[in-house]
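K.L.:
Let me give you the structure first, and then I'll get to my questions.
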Amino acid sequence: MTEQQIHFPIVFHFHQPVDQKVLIYEDVYKKSYMPLIDNIFHFKEIKFTLHFSGNLLKWFLENKPDFIEKIKVMAKRGQIEIIGGGYYEPIFAIIPYRDRIAQMKKLSDLIKKEFGLDVKGAWLSERVWEPNYPSFLHDAGLKYVIVDDNHFRSTGITEKETFYSYITEDEGKTLRVFSINENLRYMAPWKPTYMSIEYLKTTIDKK
2 MTEQQIHFPI
12 VFHFHQPVDQ
22 KVLIYEDVYK
32 KSYMPLIDNI
42 FHFKEIKFTL
52 HFSGNLLKWF
62 LENKPDFIEK
72 IKVMAKRGQI
82 EIIGGGYYEP
92 IFAIIPYRDR
102 IAQMKKLSDL
112 IKKEFGLDVK
122 GAWLSERVWE
132 PNYPSFLHDA
142 GLKYVIVDDN
152 HFRSTGITEK
162 ETFYSYITED
172 EGKTLRVFSI
182 NENLRYMAPW
192 KPTYMSIEYL
202 KTTIDKK
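Numbering (our numbering), first residue to last: 2 to 208.
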């Protein structure tokens, strides 16, 4: 019997509020961000995606050169992708169209400048989604976005069907949409690792 494979995209979201205290930055860096990157750095075959809010990325650039250097190495060897979003993590639905574009481009330009990567995907602040989002995301140069799978399920799409990506549009401007699996989003940080592995195995039967 041929062993079946699971194609499982991983996105790590690094965020701290704009007005966060430096002590908190340092504490989370030591407990979370640094150990994660240090460990994955040694496994070149593991490919994954990162997202940084703009203010946190700026703090890394100014204060953690070794951390940034490892990310640059992984970017150069094709191990990682970095996706964009609003620089200051705004709720896009409540800010003007031109400001949405400006915030997206501000973060995309910084990523391009520091890591040499073209930004193709987007993380949405607080994972808020509106039907008119494809227009401004397309105009900001993005090709795809990730959203909570409950947006899919609320339209009648089954869990099995959320394992695939879809193309949506607004005013004729298209965008590919990937879903964030809610089960794994809560299992990974809060449950034993084996539970995430067992869940992934069950998805084979649901395809």
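Glycine included, each C-beta is placed from N, C-alpha and C at the ideal position.
1) Is DSSP giving D20 helix, strand or coil here?
2) Just the Cα atoms here: how many angstroms apart are K114 and Y200?
3) List the residues that DSSP assigns as beta-bridge partners of W191.
4) Who pairs with K174 in a beta bridge, going by DSSP?
5) Distance, Cα to Cα, G173 vs Q6?
6) Nearest to I69 by CA position, among I84, K48, D39 and E46, is which residue?
7) Could you give the distance in angstroms between the alpha-carbon of H16 and the alpha-carbon of D119?
8) Grouping DSSP H, G and I as helix and E and B as strand, with all else coil, what is Y200?
9) Would DSSP call W130 helix, strand or coil?
10) In the DSSP assignment, what are the bridge partners of F68?
11) Note down the Cα distance separating V23 from P91, rounded to an integer number of angstroms.
12) Leaving out five residues on either side along the sequence, give the residues of the same chain with a beta carbon under 6 angstroms from the beta carbon of M188.
P.N.:
The relevant details are as follows:
1) By one-based count along the sequence shown, residue 20 stands at place 19. Coil.
2) Here residue 114 refers to the residue found at position 113 when the sequence shown is read from its first residue. Here residue 200 refers to the residue found at position 199 when the sequence shown is read from its first residue. So the two alpha carbons sit approximately 39 angstroms from each other.
3) For the purposes of this step, residue 191 is taken as the residue at position 190 of the sequence shown. The partner list for W191 (beta bridge, DSSP) is empty, contrary to what the question assumes.
4) As a first step, residue 174 must be located in the sequence shown, where it is residue number 173. D171, per the DSSP bridge assignment.
5) As a working mapping, residue 173 is identified with position 172 in the sequence shown. As a working mapping, residue 6 is identified with position 5 in the sequence shown. G173 and Q6: Cα-Cα distance of roughly 35 angstroms.
6) Reading the sequence shown from its first residue, position 68 is the one you call residue 69. The shortest Cα separation from I69 among I84, K48, D39 and E46 belongs to D39.
7) For the purposes of this step, residue 16 is taken as the residue at position 15 of the sequence shown. For the purposes of this step, residue 119 is taken as the residue at position 118 of the sequence shown. Looking at the two C-alpha atoms, the distance is approximately 20 angstroms.
8) Reading the sequence shown from its first residue, position 199 is the one you call residue 200. Three-state DSSP puts Y200 in a helix.
9) Taking the first residue of the sequence shown as 1, we reach residue 130 at position 129. W130 falls in the coil class under three-state DSSP.
10) Translated into the one-based positions of the sequence shown, residue 68 becomes position 67. DSSP, once it has assigned bridges, lists no residue as partnering F68.
11) The count along the sequence shown starts at 1 and reaches residue 23 at position 22. The count along the sequence shown starts at 1 and reaches residue 91 at position 90. Going by the C-alpha atoms only, they are around 21 angstroms apart.
12) Taking the first residue of the sequence shown as 1, we reach residue 188 at position 187. Excluding sequence neighbours, M188 sits near M196 and S197.
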